[in-house]
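Here the sequence shown is numbered in the working numbering, starting from 1 and rising by one per residue.
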Amino acid sequence: MSSHGEPIPMKSSRSGPLRGTAEVPGDKSISHRALILGALAVGETTITGLLEGQDVLDTAAAMRAFGAEVEKRGETWHVHGVGVGGFAEPDRVIDCGNSGTGVRLIMGAMATTPIAATFTGDASLAKRPMARVTDPLALFGARAYGRSGGRLPMTIRGAEAPVPVRYATPVPSAQVKSAVLLAGLGAPGETVVIEREATRDHSERMLAGFGAQVSTEVTDEGRVITLVGQPELRPQSLAVPRDPSSAAFPVCAALITEGSDVLVPNIGLNPTRAGLFETLREMGADLTYENEREEGGEPAADLRARFSPNMRGIEVPAERAASMIDEYPVLSVVAACAEGATHMPGVRELRVKESDRIDAMATGLRACGVSVEEGPDWWTVQGRGPGGVPGGAMVQSHLDHRIAMSFLVLGLAARAPVQVDDGGPIATSFPIFEPLMAGLGAEIVREA
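Put into structure tokens, the structure is as follows:
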């Protein structure tokens, strides 16, 4: 079942060349953070290019519940913030739908304000572990009451007298880092987060843009991020660059579909997010960057992807995992269409995403005739070469938007159509996926 209704079975079939321009939505990670920091600023923040998928709309609704004014006028979103420490206690449960990013960042943002809030989500989100966030938030003085295993629904009671924290993240996670930094806004003194492996740094960039005093130093411990608490955040005018995670789907579809030539403009190329594109180029993909520039402090470029019949499998560096963790499902589809084996180590985080993404992709790829080996934190896809994937399977999306879209991309190049049991969750992150892909010439349809 999809996250907000009945299942929507979908099917994709071998397509002719994909051609044209793919105008993908705004970056989801940046969109979440823009709404939350806008709500914590004093005054009105304006946002253009906001991703209007359900995940982000749920975060906007949550900010309203905490007392911020959030509305869309024309093509611009307006957020009138309440200031750090100004959140009001919500009078209803905060439903974060399918979004692990949304719920974890919001928990951090309210954890050092003396209010209580109860969080819930859809069936997929209710299975995801929250202790990785609530444990460090407890160091500030916040308390969490949830289901066994630290799962939603869960009530967070913010710290009455928050204290600053020094916290080393046990696994690479931008969500955990960001939750701790957002909590640190409400604590006096310096909050420090130490990460052994770099993760996406949108929070640090945006915090600095809103006027917080935040610095990053590379030491023997790793990346040491220091935030000075209790600032007065200044409202901003933000233009959200387009989402590299969404761009991954038309880019990868073009690379594996014969004769394709697709332009994907204005894609954010933050170094902590662009690992997929670097990996594809190492595999031999005909993927070029055009018109390189900066958008709102984030590097960006137009991506041009052409059919690449000579791609070969590679060993993906484990240290690159954090910069492309959400893109491994669609990378595995490209790997299936390349020659030789693609080995992907250091990806334990995939086991606790919206689904167990290693298991979900491995099971579906095997059903489509692709050999996959897997371990606790690695997997290997044995490529069958261009046009060599048999396809012809019905696969389960497990309420996971990226699993659904990845298999729909595979069907465009497989010998027989690939069906997905439920494409409904795609709306959470990429609401225009179907018309965008159809506009390029992709054969993707909803099943009756």
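Just so you know, even glycine gets a beta-carbon here, dropped at the ideal spot from N, CA and C. Source: prediction; values computed, not measured.
With 16 other CB atoms within 10 Å as the buried threshold, where does S2 fall?
Confidence at S2 is low in this model, with a pLDDT of 40, below 50, so its placement is unreliable and the value that follows should be read with caution. Buried, since its Cβ has 16 or more Cβ neighbours within 10 Å.
Do you know offhand how far S332's Cα is from K28's?
22 Å
For E298, tell me which candidate among G346, H343, D243, V334 has the shortest Cα-Cα distance.
D243
Excluding the five sequence neighbours on either side, which residues of its own chain have a C-beta within less than 7 Å of the C-beta of A300, listed in chain order?
P241, N266, I267, G268, L269, R293, E294
On a CA-only basis, which of G423, D421, V409 is nearest R14? Give me that one, please.
V409
Is the segment 274-285 touching the segment 311-323 in the sense that three or more CB pairs, one from each, lie closer than 8 Å?
yes
Determine the DSSP secondary structure at K28, reduced to helix, strand or coil.
helix
With a threshold of 7 Å on Cβ separation, who are the neighbours of F66 within its own chain once the five nearest residues in sequence on each side are excluded?
The answer, listed in chain order, is A39, F87, A88, P90, M110.
Applying the 10 Å Cβ sphere with the 16-neighbour rule, what's the burial state of D220?
Under the 10 Å beta carbon count, D220 is surrounded by fewer than 16 other beta carbons and is classified as exposed.
Report yes if the C-beta distance between C337 and V420 is below 8 Å; otherwise report no.
Contact flag unset, no.
Per the DSSP calculation, K72 is bridged to which residue(s)?
K72 is bridged to W77.
Compare the Cα-Cα distances from A161 to each of E373, M154, S178, A183 and report the closest residue.
The residue with the shortest Cα to Cα distance from A161 is A183.
Since A254 contacts L18 with CB under 8 Å, what's their CB separation in whole angstroms?
5 Å
If I follow the unbroken beta strand (DSSP E) through Q450, where does it start and stop?
Residue 450 cannot be examined here, being either before or after the span of the chain that is shown, 1 to 448.
Alpha carbon to alpha carbon, how far is R157 from L137?
10 Å
Does V218 pass the burial test, meaning 16 or more other C-beta atoms within 10 Å, or should it be called exposed?
exposed
Going by the beta-carbon positions, is the gap between E230 and P170 smaller than 8 Å?
First, the amino acid is wrong: residue 230 is Gln here, not Glu. Not closer than 8 Å, so no.
Quick one: grab the DSSP three-state call for S2.
Annotation note: pLDDT 40 at S2 (below 50); position unreliable, coordinate value reported separately. Looking at S2 - three-state DSSP - the assignment turns out to be coil, as it is neither helix nor strand.
Can you tell me the Cα-Cα spacing of L152 and G102, whole angstroms?
13 Å
Using the rule of at least 16 other Cβ atoms within 10 Å of the residue's Cβ for burial, across every protein chain shown, is D148 buried or exposed?
With the sequence shown as reference, residue 148 is identified as Ser, and Asp is not the correct amino acid for it. Exposed: under 16 other Cβ atoms inside 10 Å.
Look up A111 in the DSSP assignment and say whether it is helix, strand or coil.
coil
Check the DSSP bridge columns for Q175 and list the partner residues they point to.
Paired residue(s): none; Q175 is not in a bridge.
Roughly how far, in whole angstroms, is the beta-carbon of R104 from the beta-carbon of A179, given that I think they are within contact range, below 8 Å?
5 Å
For F119, which beta-bridge partners are listed by DSSP?
I94, M154
Starting from A367, trace the alpha helix (DSSP H) in both directions and tell me its first and last residue.
357-367
So the candidates are L37, Q54, R234; which of them puts its Cα closest to the Cα of M63?
Here the closest residue by C-alpha is L37.
Mind reading off the beta-carbon distance from G81 to Q54? Whole number of angstroms is fine, and I expect it under 8 Å.
Not a contact, Cβ separation roughly 23 Å.
I need the DSSP call for P345, collapsed to helix, strand or coil.
strand
To the nearest angstrom, report how far apart V251 and V370 are at their CA atoms.
Approximately 21 Å between the Cα atoms of the pair.
Counting only the same chain and skipping the five closest in sequence on each side, list residues whose C-beta sits under 7 Å from that of R366.
Once the five neighbours on either side are set aside, the close Cβ partners of R366 are V372.
Going by DSSP in three states, R19 sits in which element: helix, strand or coil?
strand
Any idea what DSSP makes of E315, helix, strand or coil?
Residue state, collapsed to three classes: strand.
Grab me the residues of I106's own chain with a C-beta within less than 6 Å of its C-beta, minus the 5 sequence neighbours each way, in chain order.
A62
Please determine, among A318, T113, I194, S260, the residue with the shortest C-alpha to C-alpha distance to L276.
Among A318, T113, I194, S260, the Cα nearest to that of L276 belongs to A318.
Among D135, P235, D302, E197, whose alpha-carbon lies nearest the alpha-carbon of T46?
P235
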